[in-house]
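Peer 1: Here the protein sequences come in this chain order: A and B.
Numbering (this note's numbering) for the first sequence: 2 to 115.
Numbering (this note's numbering) for the second sequence: 55 to 168.
Cβ atoms here follow ideal geometry from the backbone N, Cα and C, with glycine treated the same way.
I have a structure I would like to understand better, so I am pasting it below and will then ask my questions one at a time.
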Amino acid sequence: GAGVSQTPSNKVTEKGKYVELRCDPISGHTALYWYRQSLGQGPEFLIYFQGTGAADDSGLPNDRFFAVRPEGSVSTLKIQRTERGDSAMYLCASSLRLMNTEAFFGQGTRLTVV
Amino acid sequence: AQKITQTQPGMFVQEKEAVTLDCTYDTSDPSYGLFWYKQPSSGEMIFLIYQGSYDQQNATEGRYSLNFQKARKSANLVISASQLGDSAMYFCAMKVNRDDKIIFGKGTRLHILP
């Protein structure tokens, strides 16, 4: 597709379960970003990939959160032992590695932990 | 560390009036880019305008212009002739050249009144 694709669009899981959120960036975009957005707040930076490597994972809240991008394209955000406080919209974005280019966002995955 | 500050949590503006949304930023990097995004109630993040730190002129895109005051580290968004469809959350964001990470402010909710 032409845009950033995130699946699933909605995910409801029970507390303590493991979840995976997928992001398929725009073809050719080397930079990929994950953000978490709570209602009425700005996107909170989680992790940023340049190619296959995590260039900056300083935003991951704790070791229950992990993300991979093994082939430099699709990325998966993994959350272990989910907690109710993990409920939020998870946004993925991709961009070219050029200073003056914006990031293009997917529609997000709304995660609800019950 | 980089930081974006948006001090207006909400604004009400009469239709057809101009509106200025405030954004200040903090970085020690000399090379950076500033972005504004619009997020309507549907949740999508829509890129509006970009300003590079070395750009001599303020960026303009249709009804959007960016009032860039580098010495004050200010990048306010100006929307001229506001329309009802401008009602949304607006986020200021910054990317520094050193690492390409994009960080966002907390946003301003703009309400356009008929």
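1. For a quick check, are the C-beta atoms of S76(A) and L33(A) less than 8 Å apart?
2. Name the chain B residues whose beta carbon is nearer than 7 Å to that of E103(A)?
3. Kindly indicate which three-state DSSP category L138(B) falls into: helix, strand or coil?
4. Look at the alpha carbon of L167(B) and the alpha carbon of D140(B), and state the distance between them as a whole number of angstroms.
5. Which chain B residues are close to G54(A), counting only those with a beta carbon under 7 Å from its beta carbon?
6. Excluding the 5 residues flanking S39(A) on each side, which residues of the same chain have their C-beta closer than 8 Å to its C-beta?
7. Report the neighbours of Y49(A) on chain B: residues whose CB is nearer than 9 Å to its CB, in chain order.
8. Can you name the residues of chain B whose CB is closer than 7 Å to the CB of G43(A)?
9. State the Cα-Cα distance for the pair K124(B) and D76(B), rounded to the nearest angstrom.
Peer 2: To lay it out plainly:
1. yes
2. F89, F101, Y104
3. helix
4. 10 Å
5. Correct list: empty, because the minimum Cβ distance to chain B is about 12 Å.
6. Here the set comprises E45, A89, M90.
7. D153, D154, K155, I156
8. F145, F158, G159, K160, G161
9. Here the alpha carbon of K124(B) sits roughly 14 Å from the alpha carbon of D76(B).
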